[in-house]
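In this note's numbering, the protein residues as written are 12 to 335.
Where a beta carbon is used, it is the ideal one built from N, C-alpha and C, also for glycine.
Report on one structure; see the data block that follows.
So this is what it looks like as structure tokens:
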């Protein structure tokens, strides 16, 4: 079973080196590495071309001018030629024993639309393990043959690029639906849902196949803090309602999980970094718009906006000492 590692990148050559090296050390001949470069101005092109002389299975595309990051995400899969595509960010690391287990699952279930994997959180230097907020509650591997059940368990996890291995032909078939173009930066979230809707066969592998830099947030730098925060709120709500209806329990459940797993902790980080009052006000109004019917907004998220920063820092310190 051949697998393409699909890596979109932009001006992160130092991190990209570590990502690619983690793939090369697998020493596997049945893979290819695809890099789509969003017109980087650092040493990315020089580095990739130096590798191509020694590794013929590395393919490289570079845009002449910077494009929307979602367009770059789509391009890197478009360039792939293998049966399955492992969607990988340019700062995460493939764990050494993961590929064999992925292939085992694909051989056992050849009809799969794709696989979701678990990840291990690390600091930005990939030295110290960190407790991360998992947007799923799975604690064992599972085969899904129901779209609603799969989305109910993994919907909030589908947004994480590096945890996805997708059937390339089914991905391309899903792209026929033009609605994915409405979700800039989250095309993949819509496409995975469309794939499973058409072929509701998915697998969750409860193995930490990816080392994830918990302190690295490339989307925040590309979108800006406000737009990055909005991306989660809008995309998960709209996609859930598009597929299951505005009043569906599963769509509301995923929005609740996004609130608890992403929005809350993004806001903690923003306040920790001394986000200005204007930004916090805009985020508060935005959160009210999307979460006002969720009780968690009123007792968990809203108080955080008004919490004095020194008090928040004290709570954060206690949480890390007592919980993590």
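In this structure, residue 159 sits away from residue 93, with a CB-CB distance that is not shorter than 8 Å. Ranking 52, 59 and 41 by CA distance to the CA of residue 27 puts 59 first. The three-state reading of DSSP puts residue 171 in coil, since its state is none of H, G, I, E or B. Residue 214 sits in a strand when the DSSP states are folded into three classes. Non-local C-beta neighbours of residue 269 in its own chain, meaning closer than 6 Å and more than five positions away in sequence, comprise 167, 243 and 247, ordered along the chain.
In the three-state reduction of the DSSP assignment, residue 224 falls in the strand class.
In the three-state reduction of the DSSP assignment, residue 134 falls in the coil class, being assigned neither a helical nor a strand state.
Non-local C-beta neighbours of residue 191 in its own chain, meaning closer than 6 Å and more than five positions away in sequence, comprise 198, 201 and 202, ordered along the chain. With a threshold of 16 other beta carbon atoms within 10 Å, residue 222 meets it and is buried.
Comparing alpha-carbon positions, the option among 91, 76, 120 and 55 lying closest to residue 68 turns out to be 91.
Short of 7 Å from the beta carbon of residue 147, and not among the five residues preceding or following it, lie these beta carbons of its own chain, in chain order: 164, 165, 167 and 168. Between residue 108 and residue 173, the CB-CB gap reaches or exceeds 8 Å.
Annotation note: the region 44 to 118 contains the following uninterrupted alpha helix (DSSP H) runs of length 4 or greater, listed N- to C-terminal: 55 to 63 and 80 to 89.
Taking all protein chains in view, the Cβ of residue 321 is surrounded by fewer than 16 other Cβ atoms within 10 Å, so the residue is classified as exposed.
Ranked by Cα distance from residue 86, the options 17, 124, 161 and 75 are led by 17.
Per the coordinates, the alpha-carbon of residue 309 lies some 21 Å from the alpha-carbon of residue 259. In this structure residue 120 is in contact with residue 214, their Cβ atoms being roughly 6 Å apart against a cut-off of 8 Å.
Spanning the alpha carbons of residue 30 and residue 225 requires a straight line of approximately 15 Å. Annotated three-state conformation of residue 14 is strand, per DSSP.
Excluding sequence positions up to five before and after residue 106, its CB lies within less than 7 Å of the CB of 219, 220, 221 and 222, all in the same chain and listed in chain order. Inclusion of residue 176 and residue 132 in the CB contact set at 8 Å is not warranted, their separation being larger than that value. With fewer than 16 other beta carbons inside 10 angstroms of its own, residue 38 counts as exposed. DSSP, reduced to helix, strand and coil, places residue 256 outside both helices and strands of the structure shown, so it counts as coil. Burial is judged here by how many other beta carbons sit within 10 angstroms of a residue's own beta carbon; residue 204 has at least 16 and is buried. In the three-state reduction of the DSSP assignment, residue 163 falls in the helix class, which pools H, G and I. Separation of residue 82 and residue 329 (C-alpha to C-alpha, rounded to the nearest whole angstrom) is 42 Å.
A direct Cα-to-Cα measurement between residue 195 and residue 24 gives close to 24 Å.
Residue 261 and residue 117 have their alpha carbons spaced roughly 27 Å apart. In the three-state reduction of the DSSP assignment, residue 121 falls in the coil class.
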